[in-house]
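A short write-up of the structure that comes next.
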Ligand code: DMJ
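Below is the structure:
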């Protein structure tokens, strides 16, 4: 024990070496004042600033703390469904929430199904200024197209914030970043809801049974689209991508990429209000006269493709005008020594260049712009577009360096030759080369035999060089050939292949293409169901070694999911051609997993960093434009019972899911 008379104790407490008493208040005040006066001006200012800062913090945190104290003093917080009754809340009787009449268009979508959570005292309503980025209509009333306001109801953005706050207070789940309540199931019919049972709020909930009717599933896709659109409208309107968690936008080209990519999806889903306000933006705001570098491939498949397909679906000349504008601005990319285009174009300056580090272009990029430019030529009767892209296909057709019809990943813009030979994949950098061989042949009315020849040879090349089965369940996958060795890995991107193979078989190509499609779509399905979140990783590694483990393994760097479409795209083709309902069930499971692990309460969906971790999937704060352009469109078409809704005998989808017409044989 220290004695109070010990000198060191006194000096530590008051800093007063000669004091013998520390009970004398007056003396202490005087000595404090003296000390204060001895401090420099800077020291005094710093201390005053710190005190003021602490005072302000205290004032601001008071309401939150008192809120929590009040909540705690009202008893323990329930996490579960079962305790709702004891909180004075009753479960909603079956049939009250779900009033979807099969086949009927719902004017006012009901609130999404949410588990009933105990209600905490409401925080004081803070009036938040509406986003200045949104269109004028939205600034006044929130997103009424999504959640229709009734008399006396509060605007959506406020209700969402409050719900979000409640959810965060009640359940700590996934870092409070992704919604806890999984209110993402469709507005199911009473029947569907009964089948589903009570919602789970924690961890990996069982998915809804697969017996939900197609009409409800299609409605669920509409609901998902509206939810995504709500976020885009509120936080990223007119910008390229939504960052749904930070509630802001990301810019890539600065051309409203998500809006343009989503135009035909809105049309197909029958979302008229959303479509009309987007059309208005295209008319009044969209300008390609900008000093900006764009990627030739990405802007062709998303922007040119999106505008052309919207023109075809709507007959509205505005979209053709815009398509012509962007198409002509992309043409400088083709001015290279070899006529193999550069990857990047400045659409304002009319200049083009390769990436800074190489003069190579990616093979998939230069061979997957053909559907769009050929269609632009047909519509405008200006042959320059088709000529430029046909030139590429002709050269690639004749090039050395293919391996049984399989192409390397790079091509040089000076020499026009393949580079980095020796690696062959159906994944990134080569994927859509194969897709566009078949689709150009279909687009042109099956008149160009060299395209078909290259396609059939490539499928043979896949069969001979890239196919392998896993040891545990004999899953067939498409590996990568790297300098003679098969690497047992497959990008999710490869999952476009079953759909393309099925499309070929539907058009008279060998029946074993369809058999291959059936096996590969099973593998793509397993890439989802073998993951804890029910979502596929970006890249899967397959187990060739033992018979006990799982088939699909994932390396730490490949665990992300970007909301990609390829598997649901193939499910759509497989269902259309076989009518086997299991493909719809698989698509339904995927939609539910997206809803469970990627949906953000305030609007939008986010890519995630780890499909193996259902507790913390690691939201990445980005909604790619293809989620609206492709993923939700294919899901809707998968569940739609109308085979004439974008008939596969009349349209061919570009690689961004924009349907373009199959040319009448006369043209
Ligand atoms: C899309 O932009 C296109 O489907 C492209 O062909 C591949 N990557 C994305 C979607 O994953």
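Residue numbers (this note's numbering): 247 to 913.
Ideal Cβ placement from N, Cα and C applies to all residues, glycine included.
Range covered by the beta strand (DSSP E) that runs through residue i
i, result
"residue 539", "539-541"
"residue 897", "897-899"
"residue 611", "Per DSSP, residue 611 belongs to no beta strand (DSSP E); it is in the alpha helix (DSSP H), 609-612."
"residue 496", "494-496"
"residue 907", "905-907"
"residue 489", "487-489"
Distance between beta carbons of residue j and residue i, contact taken as under 8 Å
i, j, result
"residue 659", "residue 590", "11 Å between Cβ atoms; not a contact."
"residue 593", "residue 530", "The pair is not a contact, with the Cβ atoms about 19 Å apart (cut-off 8 Å)."
"residue 652", "residue 704", "6 Å"
"residue 576", "residue 545", "7 Å"
"residue 806", "residue 854", "7 Å"
"residue 464", "residue 885", "4 Å"
"residue 197", "residue 727", "Given a span of 247 to 913 for the chain in the structure shown, any question on residue 197 remains unanswerable."
"residue 753", "residue 688", "6 Å"
"residue 812", "residue 738", "6 Å"
"residue 769", "residue 721", "5 Å"
"residue 852", "residue 828", "About 29 Å; that fails the 8 Å criterion."
"residue 624", "residue 635", "Contact flag wrong, Cβ pair sits at about 12 Å."
"residue 514", "residue 882", "7 Å"
"residue 550", "residue 569", "6 Å"
"residue 910", "residue 892", "Not confirmed; about 17 Å, so no contact."
"residue 572", "residue 559", "Not confirmed; about 18 Å, so no contact."
"residue 849", "residue 477", "3 Å"
"residue 915", "residue 650", "Outside the displayed span of the chain (247 to 913) sits residue 915, for which this structure offers no information."
Residue(s) in a DSSP beta bridge with residue i
i, result
"residue 664", "657"
"residue 777", "None, per the DSSP bridge assignment."
"residue 786", "736"
"residue 752", "According to DSSP, which records beta bridges pairwise, residue 752 is partnered with nothing at all."
"residue 723", "714"
"residue 592", "539 and 597"
"residue 637", "BP columns for residue 637 are empty, so no partner."
"residue 854", "807 and 865"
"residue 798", "788"
"residue 606", "658"
"residue 728", "669 and 731"
"residue 649", "652"
Terminal residues of the alpha helix (DSSP H) in which residue i lies
i, result
"residue 555", "551-560"
"residue 567", "563-576"
"residue 838", "827-843"
"residue 617", "616-626"
"residue 878", "878-885"
"residue 813", "812-824"
"residue 684", "677-689"
"residue 902", "From DSSP, residue 902 is part of no alpha helix (DSSP H); its letter is neither H nor E."
"residue 477", "460-481"
- Those runs of the alpha helix (DSSP H) which lie wholly inside the region 504-533 and span at least 4 residues: 518-530
- Message: I want to know whether the region 682-696 touches the region 613-620 - three or more CB-CB distances under 8 Å.
- Response: yes
- Does the region 834-852 come close enough to the region 895-905 that 3 or more CB-CB pairs lie under 8 Å? no
- Message: Taking 8 Å as the cut-off, does the region 748-761 touch the region 787-804 (at least 3 CB pairs, one atom from each stretch)?
- Response: no
- Between the region 865-877 and the region 502-516, are three or more C-beta pairs nearer than 8 Å? yes
- Item | Touching by the beta-carbon criterion (3+ pairs, under 8 Å), the region 770-783 and the region 837-844 | yes
- Query: Do the region 725-744 and the region 685-704 meet, that is, are 3 or more Cβ pairs less than 8 Å apart?
  - Reply: no
- Hey, is the region 474-483 in contact with the region 855-866, meaning 3+ C-beta pairs nearer than 8 Å? By the criterion of at least three beta-carbon pairs nearer than 8 Å, the region 474-483 is not in contact with the region 855-866.
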